[in-house]
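Quick mapping for you: the protein sequence lines, in order, are chains A and B.
Going by our numbering, the first residue of the first sequence is number 1, and it counts up by one from there.
Going by our numbering, the first residue of the second sequence is number 906, and it counts up by one from there.
Inspection log for the structure reproduced underneath, given as structure tokens.
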Amino acid sequence: MTTGPARRNAIRFPLAWRALVRLLPREFLARYGEAIGDFHRDRLAEARRSGESRFRVWRRASADLLALVVVEWWHVLAARPSVRTVSSPTPRLSAEDRMSIIVQEAAQAIRSLRRSVAFTGAAVVTLALGIGSTTAIFSVVRSVLLAPLPFPDADRIVEPDTRKLATNETWSVTYADFMDWRDQHVFAQVAVYQPANMDLTGPTEPVRVSAAAVSPQFFGALGVRQQLGRSLNASDYALDAGYPVVISDRLWRSQFGARPDIVGHVVEVNAIKRTVVGVMPAEARWPIDADLWVPLRLTSELDPDVQRRDNFVFEAIARLEPGASLASTSADMATLAARVAAEHPDIRGGVTTVPTPVIQAMLGSTTPRALWLLLGAVTLLLLIGCVNVANLQLARAAARQREIAVRVALGASRWRLVRQSLVESGALGFAGGLLGIAIAIWLVKGIVAIAPQDVPRIATASLDRWALGFALAISLGVSLLFGLAPAVHAVRQRDHLAMGEGGARASAGRSSARMRRALVTVELALSVVLLVGAGLAVRSITRLRRVDTGFDRRNVLTASISLPGITYDKPEKVVAFMDQLRERLAGAPGIQAAGIASASPLGAGGFYLGREMVAEGRDPSPANEVSINWNVATPGYFAALGVPLLAGRDFRLTDDTAAPPVMIVNQTFAKRMFGAENPIGRRAMSSRDEKVEREIIGVVGDVKYFAAADSSRALVWVPYAQHNAWHQGIITVRARGGGVNALAIVRRELHALDPNIALANVVTMDEALSRSMAGDRLVAILLATFASLALVLAAIGVFGVLSYAVAQRTREMGIRLALGARPRDVRRLVAGETAPMVCAGVVVGLLAAFGLARLARSLWYEVGPDDPATLVGVALVLGVVAVVAALVPARRAGRVDPVIAMRNE
Amino acid sequence: MPPLPKSAWPEPEALLPLKSVDTLILTMLAAGERHGYGIRQDILSHSDGKIELEAGNLYRHMRRLESKGLIEEAPQRRDADADERRIYHRLTPFGHRVLAAEVLRLRALVRLAVSRQIIAPGRA
Chain A
1 MTTGPARRNA
11 IRFPLAWRAL
21 VRLLPREFLA
31 RYGEAIGDFH
41 RDRLAEARRS
51 GESRFRVWRR
61 ASADLLALVV
71 VEWWHVLAAR
81 PSVRTVSSPT
91 PRLSAEDRMS
101 IIVQEAAQAI
111 RSLRRSVAFT
121 GAAVVTLALG
131 IGSTTAIFSV
141 VRSVLLAPLP
151 FPDADRIVEP
161 DTRKLATNET
171 WSVTYADFMD
181 WRDQHVFAQV
191 AVYQPANMDL
201 TGPTEPVRVS
211 AAAVSPQFFG
221 ALGVRQQLGR
231 SLNASDYALD
241 AGYPVVISDR
251 LWRSQFGARP
261 DIVGHVVEVN
271 AIKRTVVGVM
281 PAEARWPIDA
291 DLWVPLRLTS
301 ELDPDVQRRD
311 NFVFEAIARL
321 EPGASLASTS
331 ADMATLAARV
341 AAEHPDIRGG
351 VTTVPTPVIQ
361 AMLGSTTPRA
371 LWLLLGAVTL
381 LLLIGCVNVA
391 NLQLARAAAR
401 QREIAVRVAL
411 GASRWRLVRQ
421 SLVESGALGF
431 AGGLLGIAIA
441 IWLVKGIVAI
451 APQDVPRIAT
461 ASLDRWALGF
471 ALAISLGVSL
481 LFGLAPAVHA
491 VRQRDHLAMG
501 EGGARASAGR
511 SSARMRRALV
521 TVELALSVVL
531 LVGAGLAVRS
541 ITRLRRVDTG
551 FDRRNVLTAS
561 ISLPGITYDK
571 PEKVVAFMDQ
581 LRERLAGAPG
591 IQAAGIASAS
601 PLGAGGFYLG
611 REMVAEGRDP
621 SPANEVSINW
631 NVATPGYFAA
641 LGVPLLAGRD
651 FRLTDDTAAP
661 PVMIVNQTFA
671 KRMFGAENPI
681 GRRAMSSRDE
691 KVEREIIGVV
701 GDVKYFAAAD
711 SSRALVWVPY
721 AQHNAWHQGI
731 ITVRARGGGV
741 NALAIVRREL
751 HALDPNIALA
761 NVVTMDEALS
771 RSMAGDRLVA
781 ILLATFASLA
791 LVLAAIGVFG
801 VLSYAVAQRT
811 REMGIRLALG
821 ARPRDVRRLV
831 AGETAPMVCA
841 GVVVGLLAAF
851 GLARLARSLW
861 YEVGPDDPAT
871 LVGVALVLGV
881 VAVVAALVPA
891 RRAGRVDPVI
901 AMRNE
Chain B
906 MPPLPKSAWP
916 EPEALLPLKS
926 VDTLILTMLA
936 AGERHGYGIR
946 QDILSHSDGK
956 IELEAGNLYR
966 HMRRLESKGL
976 IEEAPQRRDA
986 DADERRIYHR
996 LTPFGHRVLA
1006 AEVLRLRALV
1016 RLAVSRQIIA
1026 PGRA
């Protein structure tokens, strides 16, 4: 065994090697480290002599060393030393021991909680309310806002829109712009579509179904495949290609009993016989919930009407190019739009096109804001709940001071005390979470029931695994949160005791009392914020209800109809039908007045055109234009709706193609176009399309067009009979009193004239108003509920703090009473304790409410965050609540028996 | 880990059977004091190059043997032709007894194997 004249330090091992060696357990390293080093030196020397590859040597040595580290550490950790060495006073614990300790502590916590039933019950219920409400709102938010659409890569689907830069208004798109995007490959797929209502006629009553005429890449853009038959393909778009139609899953099941031979079946739609070529799957209800899809056929893409750049009558849907981003596509679209604006400054100046992510387009801006507001409110409620539970725990900890003192004397470490407190909090949080989930299930059902139906995807809100995971997460989170207070308190108590301070109990009690007061102040502040929010929402709703819609809503029924183009192929037929229907309805017993118009107020449906009008004699330039909504109506409409005729006259049957063109306008239009002058007899024309001067023959009062909260709009009506024979209309009848079945009368008369026309969107004006407020109403109800709960919790908080304070200071009360104070004075003293808390809470809360209300300003109708009535109301309510909560403890203080109080220390 | 005091030594038989690596190490040490690399070389030549112990492997077993009191560190000495000082190990008396007991066990096993004609009887 010779190694040659090698010196010890001749070979320096690499850094990595030495680091690895140092990973060995200390004792082993001390004993054998040097030996191992020697061994390796010999090994390397030998390898050099024998020609063994150095790589092999290092490879084996490294693997061996690694294995050694693992084995030695395992040996160290798994060993149970039979002899306790001096350095560690307590035996090292194995993993099993550690686990059983935690289980033990959990069991202990649960036992202790079960003993104080009142505390546990109150805490669990408070937590359950907070966790349940938060989870429920989260479920709704997730379903409506966050869940992706059921299409592949749904986040790459966008809705191209036209946008007016100055006002940020969004419009539909023109076919010409669509052709640009298609031909320039701005998107992977792009399509336009037009929604329509069609009547499906058959053996039974005609049924109005929603339909869409779509361009070739529609289904490709969505990424949805038919479940039966085929989709629409290129050959379907030729003008002589017959009448194919694709139907929805819902229609297939409801109208055709899910028959397997549906493909090839012929159906009659709007008096045209169409062949069903395919059935779409149930997911295909976005972006338009249609039951029928037909090819969008244009006479020719070269048609000047089709090529117009201001015919914003198409909806669009597109899928981004793979690899393109929303920003890059947006830039591309903006470039194309700028080119068009340069070529047509009069109609496209200041107008661009943008891609909007499809969910955002579907939801608009109000719904997301309302939902986030609700989520914020419910989080506040959760926080208030946590504060309350923390307070409850502090009170309990104060009562268990003796127990904690004993534990500390037995050597409990800080960490152990904190752990104990956290385990208890965890148990409470877990129980609260379970009960909260039950509450959430129920709450979600309630929300879905009263939510406005036009909020997309609200109907499918439920507690899915995301919501459950959320509930679990916040249960844990709040457990930690409210577990902190008693943990800190216990540690502080321990420190006092450990330092041998006398009067530790008193000082710990004082610090706990301070903490509790601070918590109650926070609670009150949060309640104020919630109350302000709820108050504003409720006032907003009340104002909405009382708003003047501009017409008499009582006993007014509306229903929409659509005349099939095949049967009513000439304008005269349309006009004749409308006139006849109106006459029959007006003459029916029980009906006071009847009329037909193209759109209904309060967002109850219909169709209108956005146009620009210029007064006669003025230059048709943008400066002189007044933007209006163009409607069509029969005589008798305004009387039926109950809109006051402020000047002039209604349409007459003689206002037809032979007579001079006329129109009726509303007050806003008159003011905008003619100022204070009398508009009757003046003329104006739609400057960009019809270009026919029409004489104003009547002025009607303003009406809330889109919703109760709508602002003033300029409206214009022209007769059906004067070149505006639209095929759709909304029948409006005013019944003589509430007992008349207006719907039956309308059905009867309609059927008598043409049994193949369906009634749709049957709604009374009262219902229409109610529906238009449904969203606000939901928000108001929920906020009011949360605020009430918060108030109750805050009251409990105040009550708890005062009760405890009284109990602590019984001796002091006794002395005062013995010295001659009247019970009333003692009561006042205790009740006065609430004053600083309430004042601080209200001030902080109001400041916070101001700040937050600015964010939500747009959600409330004519009610700003500085609405004095609301603020005063909130302050009053809180004051009253605090006083009431303080009553019982105050009375108890006054009734203290001085003798007993001084005897018991 | 300090070795157990003599009074606490168990009977040699209690430690049987030894792991085969332990037997090899103890056998090589029975020839005299050895340092780690020397043991490796001995085992290597004895097994015709088939059993190649690396450092960690070796010293792991030696740790265990030492904790059981079968081997101990010999006082350091200089190598004959070098300056270095190495760590040498040697068998303890107890280790001798345990090794002897093990080898006897193995001999009994071999005898049984021969009687069952698993291998041919070799020279005793």
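Just so it is clear, CB atoms sit at the ideal spot from N, CA and C, and this is done for glycine as well.
With 9 Å as the threshold, decide whether the Cβ of residue i is near any Cβ in chain A.
i, result
"B:E918", "no"
"B:H940", "yes"
"B:M933", "no"
"B:I975", "Note that residue 975 of chain B is Leu in the sequence shown, not Ile. False, the Cβ-Cβ gap to chain A never drops below 9 Å."
"B:A960", "yes"
"B:E957", "yes"
"B:I930", "no"
Among residues of its own chain, excluding the 5 on either side of residue i, which ones have a beta-carbon nearer than 6 Å to its beta-carbon?
i, result
"A:T567", "A271"
"A:A787", "L530, L531, A534"
"A:N624", "V614, R618"
"A:E424", "A109"
"A:A869", "none"
"A:A123", "V389, L392, L428"
"A:L375", "I137, V141"
Establish whether the CB of residue i and some CB of chain B are separated by less than 9 Å.
i, result
"A:V68", "The sequence shown places Leu at residue 68 of chain A, rather than the Val named in the question. Cβ-Cβ to chain B under 9 Å: yes for A:L68."
"A:R22", "no"
"A:D153", "no"
"A:F39", "yes"
"A:L77", "no"
"A:F28", "yes"
"A:I404", "no"
Shortest alpha-carbon distance to residue i belongs to which of the options?
i, options, result
"A:V491", "A:S413, A:W466, A:R457", "A:S413"
"A:S621", "A:S686, A:D42, A:A886, A:I441", "A:S686"
"A:V103", "A:A875, A:R683, A:A427", "A:A427"
"B:L923", "B:R1016, B:V1015, B:R1010", "B:R1010"
"A:L149", "A:N624, A:N168, A:P456, A:V838", "A:P456"
"A:R554", "A:G223, A:G739, A:M333", "A:G739"
"A:L292", "A:T299, A:V276, A:D303, A:L302", "A:V276"
"A:F119", "A:A19, A:A390, A:S527, A:I664", "A:A390"
"A:A16", "A:R26, A:R31, A:R59", "A:R59"
"A:Q592", "A:L239, A:L609, A:A735", "A:A735"
"B:K973", "B:S925, B:A1005, B:T997", "B:T997"
Excluding sequence positions up to five away, which residues of its chain have a Cβ less than 7 Å from the Cβ of residue i?
i, result
"B:T928", "E1007"
"A:S421", "G483, P486, A487, A490"
"A:R18", "none"
"A:V700", "F638, V643, P644, L645, L646, I664, N666"
Please return the same chain residues whose Cβ sits closer than 8 Å to the Cβ of residue i, not counting the five positions on each side in sequence.
i, result
"A:T657", "A721, Q722, H723"
"A:V57", "R43, L44, A47"
Between residue i and residue j, is the Cβ-Cβ spacing less than 9 Å?
i, j, result
"A:F669", "A:P661", "no"
"A:P206", "A:I757", "yes"
"A:V838", "A:A795", "no"
"A:S62", "A:L20", "yes"
"A:A316", "A:E159", "yes"
"A:A473", "A:A780", "no"
"A:V763", "A:A599", "no"
Q) Which runs of the beta strand (DSSP E) spanning at least 3 residues fall entirely within the stretch 288–369 of chain A, listed in chain order? A) 292–295, 315–320, 351–357
Self-check item: Secondary structure, alpha helix (DSSP H): runs of 4+ residues fully inside the stretch 561–627 of chain A
Solution: Taken in chain order, the complete alpha helix (DSSP H) segments of 4 residues or longer contained in the stretch 561–627 of chain A are 571–587.
- Every unbroken alpha helix (DSSP H) within the stretch 408–482 of chain A, with a cutoff of 4 residues, ordered by chain: 414–450
inquiry  = For a minimum of 4 consecutive residues, which ranges assigned as the alpha helix (DSSP H) are wholly contained in the stretch 204–283 of chain A?
reply    = The qualifying runs are 218–222, 249–256.
Contained alpha helix (DSSP H) runs [length at least 4] in the stretch 94–132 of chain A, N- to C-terminal order: 95–115
* To do: For the stretch 698–739 of chain A, list the beta strand (DSSP E) runs that are entirely contained and at least 3 residues long, ordered along the chain.
  => 715–719, 728–735
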